[in-house]
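Residues in the sequence shown are numbered from 4 upward in steps of one, following my numbering. One structure is given below, encoded as structure tokens.
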Amino acid sequence: MRTLRNIARWFMRRGKSEQELDSELQFHIECETEVNMRRGMSPEAARRAALVSLGGVEQTKEECRESRQGHTVETVLLDIRYGLRVLRKNPGFSLAAIGILALGIGANTAMFSVVYGVLLRPLPYADGGQLVVLHQKAKKANVADIPFSVKEIQDYRTQSHTLAAVVEHHSMSFLLLTKDNAERVQTAVVSANFFDVLGVRPLLGRTFVASDETHASDAVLILSYDYWMTRHGGDPHIVGQVFQMNNRPHTVIGVLPSIPQYPVESDVYMPTSQCPTRSSERFMANRQARMMTVFGRLKPDVTVQQAQADLDLVSSNIEVAYPDVYPKSYGYAIGAAPLRDDLTRRARTTFLVLLAAAGLVLLIACANVANLMLARLLKLERELAVRAALGASRIRLVRQSLTESMLLSFAGGLAGLALAPFALQILVNFAQRFTTRAAEVRIDAPVLAFAFGASLLTGLVFGLAPALWSGREAGDSLRQSGTRTTAGPARQRLRAVLVMAQVAVSFVLLIGAGLTIRSLMHLIQEDPGFRTDRLLTMRLTANLPNSAGHKEYYAFSRNVLDRLSQAGQVESVALASNLPLSRRGIVSGPGDNEFQIEGRPISKGELAPRVDLTVVSDKYFETIRQPLVAGRYLTIHDNEEAPAVAVINNAMARHRWPNEDPIGKRVSFDHGERWLQIVGVVGNVKEYGLQLSVGDELYLPLAQGNFGGNFVLRTTQDPASVITEARNIVRQIDPHIAIDEVATMERLRSESVASPRLTALLMAMFAGLALLMSASGIAAVMALSVSQRTHELGIRMALGARREALLQSIVLRGVALALAGCAVGLAGSLAFTQSLSTLLFGVSPTDPLTFLAVSVLFMLVAAAASFLPARQVTAIDPVQALRQE
């Protein structure tokens, strides 16, 4: 602090200090002159001798200044002022360097803001690091995440010694009625202490208490922040309002803050006692009735590893206590994962790969600007040589060059920071497809610190090599005759190495972009198994009484089907519990329903086969154009009075009956109490996304299965033109029917590949920037080489060399640089593409076609980049070159 005060004091009285120094030196010279005059010298000789003994006034002043505190700060300020003046006098160079750095630093800042907001930012919950998610597993059955039953939740709640609390969550859709509207709301059903365990305080009102979870309590709701803002306009008086849901009044008691929701985004929250399914005695008594996700909070000073060991013991006790439910062949186990890791599990690989790609772009930018600075040093070489001859030390020259590079990097950082928000919105929309933490992405203090650090590191990286070279070769320039400057062999090699480094890194990025683009092309061309053209989908939720059974739901469905089929431009209409390529399919995965094949009894401890179930109406397969492979389709005659039947997909037929005809075979889902006869085999459909493989699928007729609310219409013209008429027909049936998720199947197909498309787009953008920078680097090196060799090339042409041959040799040199860079980049790309393997579909990380195409592309770009400066050869006058010689 004393040193800082002295420096500040010196800066405040710097002018006075200079006057005192002048007066002191003049006094010293006068005294020395007087002494010399007493010795008999003339006044002129006495003063000259005094100056000689002092060693020079300015040199002495400099020595005095260097001994003062604050001299280093003053020197740095002078270097900055000099650097700004130099950059201002070279606007073309400065703007080019700042633009290149702005792209590199801006891309990295935008990507880091996403990575920090999603992967690194602490959870917005109290002591979020103590929150864990529990996952039940059946290792031998290869099932990684089994939902929990009420009984299992009670076991872990009572037997665990490391968890301070265990809470549950599951999501359902309910119909909510307002004064003039009906809407389907995604409802999270949670434990009463759910928000207390997470450490979430409401924005308005209160959260649930224990009395809210009793069956005798009034029905209450808590609204999510987004639902409150979008549906109710952020009404500050929303608490206390009453809405009809499940034909029962529900009172709003609170509004949540804007926080990431997990495992799914929900509109409203209710306690477990209000969910008809969860609160039924039959469901609670059934250990195998599973649909809940479970969260836990670790006790103080308990680690995840300690909790895992404790939970392993609990799971072993459960497995021993209920061998029929958890046979040894299942390999029952429990896992505990930090909530933050679970929130970002799907996003981690993609975001880290994109951040690495952005980092590679910044490296290329550094190499490019370093090359520009080396080229500029050729023009300043004689100036630097003069400064060195006048006494400037190598350290002083290096520091001056580094100061210029730091000024460029910080200017590029500020420009990149200005560009980052424009890219950030695209990245946030991209992140929303992977995690609910996307709303936390923003440019704040940690991101600004990253941008500052990236600018500092960038300035050092691209400025160090030119700075060292400026001090190393500057002294030699004075020995060169004439005004023509040439780069030494060492500097030429350095520039060539920088270009090869750019090409190598660009090669890695282009390989990654090529693989993701090829993967996207495979996805787009993937056959979904049905015709997506002229299909309109919509989800309907009816306001039926709680006492309504299957007959009432079926009657409602038939009424809607019949009315919609009479609409103009509607060719056919059908209903299904789940539609192909639906959002549910994209987010989650296939179902897990155990069944039994007639004649194949399941022995004790043996794993039961599993299949995905879909309930469909008649004409469903005809409507979506799902082909019939064998047998027949489901018809309207497959009703409650008819024998129980089912249709399976071709994958199940080949899997379960590889050498038999499955038609006529029977399966059961209730241990043989009711058997379903297979009457047809249909083609495989990508039910859960184009990128997922087809599993076993079984279709039940609507009259014999559960209710499904997803309608699909095949139209004779553009399906979008039917939306208004279809809505009006449904409103005529019942104005309180909620209509949502209205979309064409073509749009659903497009959305199913949105994440791979954006990943490929971002990789292509990074690769395109890298390629452009590499091409400009090659062009700059070849242009400088041609300008330096003008005299030599002129003499060679005067001696008979053809211009075309010289032009070809220059282009081949540029291609050779690119070829060497590609050879280096080949090794790096093999390592980089392995991290992409989980993001690829239908293409290998070592796809030879991609590697060959990128290599050829680089050769062509290098040839074009070299050809433009090589054309300067045609303007050389050989006669003028001979006269100079």
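We put the beta carbon where it would ideally sit given N, CA and C, even for glycine. Nothing here was measured: the structure is a model prediction, and the numbers come from that model.
- For a cut-off of 8 Å, the C-beta gap from T112 to A423 is around 4 Å, short enough to register as a contact.
- Taking 8 Å as the cut-off, the beta carbon of A570 is found no closer than this to the beta carbon of K622.
- One alpha carbon belongs to I732, the other to E322, and they sit about 54 Å apart.
- T63 has its alpha-carbon roughly 22 Å from the corresponding atom of P46.
- The alpha-carbon of S227 is positioned some 35 Å away from that of M766.
- The three-state secondary structure of V614, taken from DSSP, is strand.
- Apart from sequence neighbours up to five positions away, the residues of its chain that approach A786 with a beta-carbon distance below 6 Å are P872, ordered along the chain.
- For Q311, the uninterrupted alpha helix (DSSP H) segment begins and ends at V307 to A324.
- It is roughly 10 Å from the alpha-carbon of T233 to the alpha-carbon of D270.
- Put simply, of M748, F286 and T280 the residue whose alpha carbon is nearest the alpha carbon of T718 is M748.
- Collapsing the DSSP output to three states places Q29 in a helix.
- Listed in chain order, the beta strand (DSSP E) elements of length 3 or more contained wholly in the region 714-750 are 741-747.
- Taking the Cα positions, T638 is about 29 Å away from R603.
- Comparing C-alpha distances from L104 to each of F197, T254, Q428 and A414 shows the shortest one belongs to A414.
- For A856, the enclosing alpha helix (DSSP H) begins and ends at P851 to A873.
- Closest in alpha carbon position to V502, among D130, Q403 and A773, is A773.
- Between the region 117-133 and the region 330-338, the count of Cβ pairs shorter than 8 Å is below three; the stretches do not touch.
- Secondary structure of Q680 (DSSP, three-state): strand.
- Counted as a single uninterrupted DSSP element, the stretch harbouring A99 is not any beta strand (DSSP E) but the alpha helix (DSSP H) occupying residues P94 to V118.
- For Y557, the enclosing alpha helix (DSSP H) has its first and last residue at H553 to S568.
- Residue range L134 to A141 is occupied by the beta strand (DSSP E) that includes K140, with no alpha helix (DSSP H) assigned at that position.
- Under the rule that a run must span 3 or more residues, the beta strand (DSSP E) segments found entirely inside the region 620-668 read 631-634 and 648-652.
- For R300, the secondary structure class from DSSP, reduced to helix, strand or coil, is strand.
- Residues A647 and S671 of the same chain have their beta carbon placed closer than 7 Å to that of R677, with the five preceding and five following residues left out of the count.
- One alpha carbon belongs to L357, the other to R816, and they sit about 33 Å apart.
- In this structure, G299 and L166 form a Cβ contact; the two beta carbons are roughly 4 Å apart against a cut-off of 8 Å.
- With respect to the 8 Å criterion, I681 and A649 are classified as neighbours on the basis of their beta carbons.
- Short of 6 Å from the beta carbon of E529, and not among the five residues preceding or following it, lie these beta carbons of its own chain, in chain order: L693.
- Judged by DSSP secondary structure, L122 falls outside any alpha helix (DSSP H); it is assigned neither H nor E.
- Per DSSP, reduced to three states, the secondary structure at E47 is helical.
- Nearest in C-alpha terms to G831, of all of T841, L512, V697 and D737, is L512.
- Just measuring C-alpha positions, the residue of V135, H172, V818 and A144 sitting nearest S152 is H172.
- Contact between the region 77-85 and the region 735-749 is absent: fewer than three C-beta pairs spanning the two stretches fall below 8 Å.
- Secondary structure of F437 (DSSP, three-state): coil.
- In this structure, DSSP gives G698 a state outside helix and strand, which the three-state scheme calls coil.
- Counting C-beta pairs closer than 8 Å gives three or more between the region 437-444 and the region 344-359, which meets the contact rule.
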